[in-house]
Amino acid sequence: MGKPNSKTGRPGPSSTKGNDGLLVRMEDIDKWFGKVCALRGVDLEVKEGEILGLVGDNGAGKSTLIKILSGFHPADKGEIYFEGKRVHIRSPKDAKKLGIETVYQEQALAPHVSIARNIFMGREPSRFLGFMNRKMMDRESLNTLLNIGLSLPDSEAVVETLSGGQRQGVAIARVIYFKAKLVILDEPTIALSVKESRQVMEFITQLKAEGISVVFITHNLYHAFQIAERFVILAHGEKVADVGRDETSIDHLSQFIISGRDSNDLKK
Amino acid sequence: MKENPQKKMKKSLMASLIRMRSLNVFFIFLILFLVFWFLSPGHRFASRENLDVFLAFGAEFNIIALAVGMLMISGEFDLSVGSILVFCSFTFLKLFDSGVHIVLAAILTLGIGTLIGLGHGYITVKTGIPSFITTLGAMMFWRGVTLFWSQGFQKPFESAEFPAFNSAFTGTVAGIVPVQLLWFIGITLVIAFIMHYHKYGNRIFATGDNKLAAKAMGINTDRVKMACFAVVGLICSLSAILQIVRVGTFSSRAGDGWELKAIAASVVGGTALTGGIGSIVGIFWGALIISVIENGLVVMRIPYAWTFTVFGVVIVSSVIISNIIEQRRIEFGTR
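These protein sequence lines are chains A and B, in that order.
First residue of the first sequence? That's 2 in the working numbering, and the numbers climb one at a time after it.
First residue of the second sequence? That's 334 in the working numbering, and the numbers climb one at a time after it.
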């Protein structure tokens, strides 16, 4: 049991075989930093409209894997399929074009810039000669925030004045507005209070309601377990488990994380 | 949510006033202006002649401060503005003396200034060394090249045969308004509209505030920074032309010490050293504050050495004040 999908990897030239509910398939990904192997033969699949929890200890390779998918690092080996087609993601721009958006913990927002300007950063709507359509930016940002259940009075307020949960809300509103297909959240609850974390989880379920797939990176299993439908566990740069929520438990998952690659034997 | 609407409006008015950073800077300028007006012997500070000098002469520095402020918002420094200025000044003189038409010489000089700025930007973003270092080196390099090339002499610049050209850079419009003031205001408006209303301005702020976020949003932060460096180079070369046409002489000391004054003007105007924070209107008043101190102390016959002392006091105290106001601003922003 335990690993329902892990063996679908490497079926030869199967890229033409449609995507049957799969949004992303990463196959046999290797990544080296100098002589350090960060990832070795990792496969990752994300289904359409699912919330996938990517868990593992610090240094397990979660962030590296996700940075390959979002265009920050090239992979040294392996292939990526998006909606059934082979893709080459060389920059964050390429990833964005496909509809892959990443929300990083501290890198998502410019703190001294207003909410509206953050949401439209790099993709500002303009009216003539590139001058921004500020009315539209203000209106659309407040509307989108309201959609995910966040009522803020003023889109001109700078992000620095918001709480941690509200900031995550702004970053998530941005990906909803720009119609992402896959949203990668890198430790979205790491610096938040219990109450704020709960708020962020609600935003994430809102993403799913919009039909957006989510990869939720965390090492807080309790947070992951509340919303993720499937878990992929990395340890020492390798995938050690790929399980649905109903087939596992928090204890079971933490065993994987702690015992790393040997957990396969542990399971048998 | 169910707040008394009148109270809410009052609150938001207060909040938006505090949010207007540039207003504080304007008041500091106003106070200095009034002090010099009342204290200068015979109120000479506010005489026609002196205001002309203050506005015309000051504009050459002020426009550079605007460009430096814009660059600082993008998260970089430029210590080489005075040296770009003196180099462009000599380049313009040499081109003109060698028989190039004055308009073409001006266009070439502006192009060279822009390329120099672009070069500083390129070195900075491609090598990843702090712009503080790149432009510190550039400051010495261009000053040295100019000293070597000009042998350190003063040289006359005679452009009387081109009255139309001259009147675009010096003199007055309608007999009252110094043409340099129009340059200053015009450039302020252009940069302010770009910074606060154009999408590129938003990208400059984003780059300076959080480079990683800007990059993640697909902004080419290297290009944004290089463009800001290029604008600094362009404005320095424009200032060089304004200056040499007004003075009629090339001096190898032109622009000496302007680099720190330009940074001071930006900081007094509310620009953060770390980038991402600032307003062009604030820098406009910040530049005028620096010019008004320089001019006012001269008019009051206070020894030149004191200028630096006063600069020091004004810079530090205005940054302290604006930090306090910034804190209030955040408090107001939360609710």
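All C-beta atoms in this analysis are idealised placements derived from N, C-alpha and C, irrespective of residue type, glycine included.
Since we're looking at a predicted model, the values are computed, not measured.
1) Starting from F132(A), find everything on chain B with Cβ-Cβ shorter than 7 Å and list it in chain order.
2) Pick helix, strand or coil for L23(A), following the three-state DSSP scheme.
3) Leaving out five residues on either side along the sequence, give the residues of the same chain with a beta carbon under 7 Å from the beta carbon of F423(B).
4) Measure the Cβ-Cβ separation of A525(B) and A111(A) and say whether it is below 8 Å.
5) For chain A, check one thing: does any of its Cβ atoms lie closer than 8 Å to the Cβ of N357(B)?
6) Can you find at least 3 beta carbon pairs, one from the segment 380-392 of chain B and one from the segment 615-633 of chain B, that sit closer than 8 Å?
7) Ordered along the chain, which non-local residues of its own chain (more than five positions away) have a Cβ less than 8 Å from that of I251(A)?
8) When you compare the CB of M550(B) with every CB in chain A, is at least one pair closer than 8 Å?
9) For P14(A), which three-state DSSP category applies?
10) Quick check on A39(A): does DSSP put it in helix, strand or coil?
11) Quickly, what does DSSP pair H531(B) with across the bridge? List them, please.
12) Could you say if the segment 483-494 of chain B and the segment 589-599 of chain B meet the contact criterion of at least three C-beta pairs nearer than 8 Å?
13) Whole angstroms are fine: how far does the CA of S260(A) sit from the CA of I177(A)?
14) So, under 8 Å CB-CB, I30(A) and I69(A) are touching, yes? Tell me the CB distance rounded to an integer number of Å.
15) Give the residues from the segment 596-617 of chain B that approach chain A closer than 7 Å (Cβ to any Cβ), ordered along the chain.
16) Apply the 10 Å Cβ neighbour rule to L66(A) and answer buried if 16 or more other Cβ atoms are within range, or exposed otherwise.
17) Between which two residues does the alpha helix (DSSP H) carrying G477(B) extend?
18) State the start and end residues of the unbroken beta strand (DSSP E) segment that holds T219(A).
19) Sort L426(B), T604(B), I657(B), S407(B) by Cα distance to S585(B) and report the nearest one.
20) For S152(A), count neighbouring C-beta atoms within 10 Å of its own C-beta (all shown protein chains included) and say buried if the count is 16 or more, exposed if not.
21) Going by C-alpha distance, which of A109(A), I52(A), S194(A) is nearest R175(A)?
22) Note down the Cα distance separating F73(A) from G62(A), rounded to an integer number of angstroms.
23) Looking at the C-beta of T103(A), does it have a partner C-beta in chain B at a distance below 8 Å?
24) Does S142(A) come within less than 8 Å of chain B when only Cβ atoms are used?
25) Report all residues from its chain with a CB closer than 7 Å to the CB of G79(A); omit the five preceding and five following residues, and keep chain order.
26) Using the DSSP secondary-structure output, state which residues sit across from K282(A) in a beta bridge.
27) Using beta carbons (cut-off 8 Å, strictly below), is G123(A) in contact with chain B?
28) At the 8 Å Cβ level, is N543(B) part of the contact set with chain A, yes or no?
29) Would you kindly report the start and end of the unbroken alpha helix (DSSP H) that includes I173(A)?
30) Taking the alpha-carbon of S127(A) as reference, which of I527(B), A493(B), S431(B) has the nearest alpha-carbon?
31) Where does T505(B) fall in DSSP's three states?
32) Could I get the ranges of all uninterrupted beta strand (DSSP E) runs contained in the segment 545-613 of chain B, with 3 residues as the minimum, in chain order?
The structure says:
1) Those are Y530, H531, listed as they occur along chain B.
2) Note: L23(A) maps to strand in three-state DSSP.
3) Same-chain partners within the cutoff: T479, W482, S483, F583.
4) With respect to the 8 Å criterion, A525(B) and A111(A) are not classified as neighbours on the basis of their beta carbons.
5) Chain A, which has no Cβ nearer than 8 Å to the Cβ of N357(B), makes this no.
6) Touching, yes.
7) So the qualifying residues of the chain are L222, Y223, F226.
8) Chain A, which has a Cβ nearer than 8 Å to the Cβ of M550(B), makes this yes.
9) Model confidence at P14(A) stands at a pLDDT of 40, short of 50, so the residue's coordinates are unreliable; what they give is reported in the following sentence. DSSP places P14(A) outside both helix and strand once states are collapsed to three, so it counts as coil.
10) Taken through DSSP and simplified to helix, strand or coil, A39(A) comes out as strand.
11) Paired residues: F132(A).
12) Note that the segment 483-494 of chain B does not touch the segment 589-599 of chain B; fewer than 3 beta-carbon pairs, one per stretch, sit closer than 8 Å.
13) If you take the alpha carbons of I177(A) and S260(A), they lie about 37 Å apart.
14) So it is a contact: roughly 6 Å between Cβ atoms.
15) Against chain A - using a Cβ distance shorter than 7 Å - the residues of the segment 596-617 of chain B are G609, I610.
16) With at least 16 other beta carbons inside 10 angstroms of its own, L66(A) counts as buried.
17) Segment 464-483, the alpha helix (DSSP H) holding G477(B).
18) Counted as a single uninterrupted DSSP element, the beta strand (DSSP E) harbouring T219(A) occupies residues 214-219.
19) For the residues L426(B), T604(B), I657(B), S407(B), the minimum Cα distance to S585(B) belongs to L426(B).
20) Counting Cβ neighbours within 10 Å, S152(A) comes out exposed, since fewer than 16 surround it.
21) The shortest Cα separation from R175(A) among A109(A), I52(A), S194(A) belongs to A109(A).
22) Here the C-alpha atom of F73(A) lies approximately 14 Å from the C-alpha atom of G62(A).
23) At least one chain B Cβ lies under 8 Å of T103(A).
24) It does not; no Cβ of chain B falls within 8 Å.
25) Once the five neighbours on either side are set aside, the close Cβ partners of G79(A) are M27, E28, D29, I30, D31.
26) Residue 282(A) lies beyond the residue range present for chain A, which begins at 2 and ends at 269; the question has no answer from this structure.
27) For G123(A), the answer is yes, since a Cβ of chain B falls inside 8 Å of its Cβ.
28) Closer than 8 Å: yes.
29) Counting along the chain, the alpha helix (DSSP H) containing I173(A) begins and ends at 165-178.
30) Minimum Cα distance to S127(A) is reached at I527(B).
31) T505(B): strand per DSSP, three-state reduction.
32) Taking 3 residues as the minimum length, the segment 545-613 of chain B contains no beta strand (DSSP E) run wholly inside it.
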